[in-house]
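Counting from 1, position 6 in the sequence shown corresponds to residue 6 in UniProt numbering; the numbering is continuous, with no gaps. A virtual CB, placed ideally from N, CA and C, is assigned to each residue, including glycine.
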Amino acid sequence: MGIREPLEMQEFAILLFKGKGVLVRPLYRNEYLNNVMRETDVELHSRRLTWDTPLHYDNEVYISTHYSQVHRDYLQGKLLIHTQSQAEAVLAPLAALQHLSREIGYPPSEQDLLRYVPQPLQQQVNLKILGNLVKSQLALKRYSRRAAHINFIEAMKHLPLFGYIVYGILRTSEPMIVTPCLLGLNHQHLILVDPSSQEQCYSIPLKDVQKLRQLSPLDNTPGLELYYGSSASPQTIWFELPQAQELRHTLIFLMEHSTST
């Protein structure tokens, strides 16, 4: 990918998938690939987990890799986009960039438009209004696929949860936190965000995390309990989410990463 800076290389991880694309965990630094690949039905993929070093766009593989990652998170609703009013006006430039990246020589259909809208917002958008706005955007812009990818990534950098690994939380032990909510994770801290107001409602520095304990599924949903704080003032919080095991492994990986850098 044209990465020469050692610090940037450390921001990527090799992820272990099993079965039908189910993410299990990042590979730890002391693991050997040969040992992992002996397991059946295993795939390995790289993904950027932290975003501290500046992005650069001097390599096509680098650009397409980063576009694919942020594009997937955007469409899954993980990056949060402020659309309290005139959602179509906010989404239109991003839809136009996605259309340009496909190098299609005709205006987007309603089916195309729907695939350009984050899943949580699809029921809120007027596709006719969005289509007219996107056509106006396309008349003004003549971006190449490469330029469309770069401009889309740069637009994502302004969204609230860019740079975080995001999980959807179904329930938590904190009664004051409205659920479902989003959990954002980087190598510095864990935050909980209300997706409606986009306000951060909880924060835990990773350096304060003392212990993690996976909980047995309740109502078919597994959980993760997190112990943090000092010995003089210990605190706990638990989360229910389908990816509890993945969250646990990712937390361990990031805590190890933060202590080694």
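Under the DSSP definition of a beta bridge, Phe239 partners with Thr172 and Leu224.
In the DSSP assignment, the residues bridged to Glu43 are Phe17. When DSSP assignments are scanned along the region 115-184, the uninterrupted stretches of beta strand (DSSP E) that are 3 or more residues long and fall wholly within it turn out to be 165-169.
In the structure shown, Leu206 falls within a helical segment according to DSSP collapsed to helix, strand and coil.
Residue pairing by DSSP places Lys211 opposite Tyr227 in a beta bridge. For Ile150, same chain residues with a beta-carbon under 7 Å away, outside a window of 5 residues either side, are Tyr57 and Ile63 in chain order. In the DSSP secondary-structure assignment, Pro195 is not bridged to any residue.
With 16 or more other CB atoms across the displayed protein chains lying within 10 angstroms of its CB, Tyr164 is buried.
The beta carbons of Leu226 and Val209 sit about 6 Å from each other, so the pair counts as a contact at 8 Å. Sequence-distant Cβ neighbours of Pro217 in its own chain, meaning closer than 8 Å and more than five residues away, are Gly223.
As DSSP reads the structure, Gln200 sits in a beta bridge with Val193.
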